[in-house]
Amino acid sequence: MRISVVGCGYLGAVHAASLASLGHDVVGVDVDEDKVVSLTAARAPFFEPDLPDLLGQELASGRLSFTTDVSQVRGARVHFVCVGTPQKQGEYAADLRYVDAAIESLLPHLSPGDVVVGKSTVPVGTALRLAARVREAQPEAHLVWNPEFLREGHAVQDTLHPDRLVYGLDPAADDVPERVLDEVYASLLGDGTPKVVTDFATAELVKVAANSFLATKISFINAMAELCEATGGDVTVLADAIGHDARIGRSFLNAGLGFGGGCLPKDIRAFMARAGELGVDQALSFLREVDSINMRRRVRMVDLAREVCGGSVVGRNVAVLGAAFKPDSDDTRDSPALNVAMQMHLQGAHVVVTDPRAVENARRTAPELKYAATVEEAVQEADVVVLLTEWREYRELDPRALGEHVAHRRVLDGRNALDPTVWRDAGWAYRALGRP
Ligand code: UDX
């Protein structure tokens, strides 16, 4: 099937390449010429394992192409809208200008029977409005809402092996859009991927509800970490113990610096803003608490650094391991690691940050900080080493070898990723969030 994907950022680039690998003929459209040039050369504009190989393979097959010319969507039966919905400047609400622009750019090129598929995370009610817009321009075209649940660092795997497919359908439409989408995802459905067919509102809500639940799980365990800090308990043992209960489950109970990135923080805020508009803000007032528990962890991390440095970080050499919001990503959007590094810098510390992949993005986001290419370079004469993103290479560091470079063997584990016994045996003063 010929398919267009409008918006070739994180979601769109992965989606376009993945659909091509399912055998479809896919054209990706983006307004950013640099991005199109880069993708056409099989270079992903961001770090995502498996994507460069997939791009190379699908471009070579002739099934995948990228362009800035939106008229190239003509002839495609299905048009995926994969643009971003960032947080509005100074507000909680989502900024829908890219979604609106993408839909408007598609409208002149739609043919009867075409299906426009929204994948972006939007405030509930958006699909209904956009469906009317699509019908107005091409009465025989349809809109479907089909949210995406991929995680950065696992994006290709999550797209080709999703936990579920959700179709939000227009009650005014016949069964054509569902059949067309079934055809797009035939091989995933054939593999047994569960399909949930519902209305627009439910489909839009599924996405934000899922992200809210995940954020709540993380903040719940981080609230327990606060209790552990006040009582001498160990939050990692607590998480293991409650996680054995199948009703609770162990995943997303890793206590530490909390959540960041381009999705969870802005999605829960946009959800609260939308609930306010709908007059049901009380229903989501708990998310305000989820957000503040999350932000408090960052402050606590800085307090801990001050504490181990004898009450102040002024003039202290602080080596920060990690800048990305999570491992296996070069994304520094709302990164807890960079936020903590920045706070320490503002309090007068000499901060040197390193990260296996995210230094370039970090430099753009926080140009005030100093960066090092390697851990050894970052920890030279450090008064304290602070682990803020749990990359595998940091989890596997040899504390004895590292100890040779530092001024003081003090380590703060912001992600509960290191083995305290191993580090203490190597002569380090080890401190972590939520652990004695
Ligand atoms: C998330 C959702 O998982 C995904 O389904 C959705 O489509 C987009 O948002 P992503 O932002 O890529 O994906 O990252 P995720 O792996 O969910 O991690 C989010 C943040 O939570 C990271 O900062 C991570 O470090 C943090 N986290 C995660 C914890 O602090 N503890 C955990 O137990 C899990």
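Numbering (the working numbering), first residue to last: 162 to 597.
Virtual Cβ for every residue (Gly too), placed ideally from N, Cα, C.
With distance defined between alpha-carbon atoms, name the residue in Gly-440, Ile-379, Phe-432 and Ala-384 nearest to Ser-412.
If we check each option's Cα against that of Ser-412, Ile-379 comes out closest.
From which residue to which residue does the beta strand (DSSP E) around Asn-478 run?
478-482
Work out the CA separation of Asn-383 and Ser-654 for me, nearest whole Å.
In this structure the chain extends from 162 to 597, so residue 654 is not present and cannot be described.
Could you check how far apart the C-beta atoms of Leu-549 and Gly-483 are, in whole angstroms? I think they sit under 8 Å.
4 Å
Output needed for His-303: all residues of its chain with C-beta closer than 6 Å, excluding positions within five of it in sequence on either side, in chain order.
Cβ neighbours of His-303 beyond the five flanking positions: Val-276, Ala-334 and Pro-338.
Along the chain, where does the alpha helix (DSSP H) that runs through Phe-381 open and close?
361-392
For Phe-241, list the residues DSSP reports as bridge partners.
Val-166 and Val-278
Alpha carbon to alpha carbon, what distance is there between His-176 and Val-190?
Approximately 12 Å between the Cα atoms of the pair.
Could you give the residue range of the beta strand (DSSP E) that holds Arg-518?
Element bounds for Arg-518: n/a, residue is neither H nor E.
Is it the case that the segment 520-529 contacts the segment 487-503, given that we only count it when at least three CB pairs across the two stretches are under 8 Å?
yes
Can you give me the C-alpha to C-alpha distance between Ala-506 and Ala-263, rounded to a whole angstrom?
It should be pointed out that residue 506 corresponds to His in this sequence rather than to Ala. Cα to Cα, the separation comes out at about 40 Å.
How close, in whole Å, do the beta carbons of Ala-519 and Asp-495 come, if the pair is a contact with beta carbons under 8 Å?
Cβ-Cβ separation between Ala-519 and Asp-495: approximately 13 Å, too far for a contact (criterion under 8 Å).
Own chain partners of Asp-343 with C-beta closer than 7 Å, once the 5 adjacent residues on each side are dropped
Cβ neighbours of Asp-343 within its own chain (closer than 7 Å, five residues either side excluded): Leu-350.
Whole alpha helix (DSSP H) elements within the segment 265-332, 4-residue minimum
287-298 and 316-321
Pro-488 and Arg-553 look like a contact to me (Cβ under 8 Å); what is the Cβ gap, rounded to whole Å?
7 Å
Can you grab the Cα-Cα spacing for the pair Gln-508 / Trp-589, in whole Å?
Taking the straight line joining both Cα atoms gives about 24 Å.
Is Val-197 near Ile-164, with beta carbons less than 9 Å apart?
no
Could you check whether the Cβ of Ile-382 sits closer than 8 Å to any heavy atom belonging to the ligand UDX?
Yes; taking the cut-off as 8 Å, the Cβ of Ile-382 has a heavy atom of the ligand UDX nearer than that.
Using the rule of at least 16 other Cβ atoms within 10 Å of the residue's Cβ for burial, across every protein chain shown, is Thr-535 buried or exposed?
Exposed is the call here.
Report the CB separation of Val-231 from His-270 in whole angstroms; it is logged as a contact under 8 Å.
Right, the Cβ-Cβ distance comes to about 7 Å (below 8 Å), so this counts as a contact.
Of the residues Val-295, Phe-381, Pro-517 and Gly-173, which one's Cα is nearest the Cα of Asp-261?
Val-295
Taking only heavy atoms of the ligand UDX into account, decide whether any of them is closer than 8 Å to the Cβ of Asn-602.
Any property of residue 602 remains undetermined from this structure, which presents the chain solely from 162 to 597.
Beta carbon of Asn-522 nearer than 9 Å to that of Ala-562
no
Run through DSSP, which three-state label would Thr-397 get?
helix
Does the pairing of the segment 275-289 with the segment 297-313 give three or more beta-carbon distances under 8 Å?
yes
To the nearest angstrom, how far is the alpha carbon of Cys-424 from that of Ala-298?
31 Å
Does the beta carbon of Gly-217 fall short of 8 Å from some heavy atom of the ligand UDX?
Look at Gly-217: its beta carbon is at least 8 Å from all of the heavy atoms in the ligand UDX.
Just to confirm my understanding: we take Val-572, look at its own chain, exclude 5 residues before and 5 after, and list those with CB closer than 8 Å. What are they?
Val-545, Val-546, Val-547, Leu-548, Pro-560, Leu-579, Trp-584, Trp-589, Ala-590, Tyr-591 and Arg-592
Verify the contact flag: Lys-356, CB atom, against every heavy atom of the ligand UDX, threshold strictly below 8 Å.
no
What are the boundary residues of the alpha helix (DSSP H) that includes Asp-193?
Asp-193 -> no alpha helix (DSSP H), and no H or E assigned at all.
Would you grab the beta carbon distance between Leu-215 and Cys-169 for me? Rounded to a whole angstrom, and I think it's under 8 Å.
At roughly 14 Å, the Cβ-Cβ gap does not stay under 8 Å, so Leu-215 and Cys-169 are not in contact.
May I ask you to list the residues that DSSP assigns as paired with Gly-226?
It should be noted that the sequence gives Ser, not Gly, for residue 226. Ser-226 pairs with Val-188.
Val-336 to Gly-393, Cα distance in whole Å?
Note that residue 336 is Asp in the sequence shown, not Val. Cα to Cα, the separation comes out at about 59 Å.
Does the beta-carbon of Ser-179, which I'm using as the reference point, lie nearer than 8 Å to any heavy atom of the ligand UDX?
no
Report yes or no: do three or more beta-carbon pairs, one from the segment 245-256 and one from the segment 311-319, lie closer than 8 Å?
no
Return the bridge partner residues of Asp-256 from the DSSP annotation.
Bridge partners of Asp-256 according to DSSP: none are assigned.
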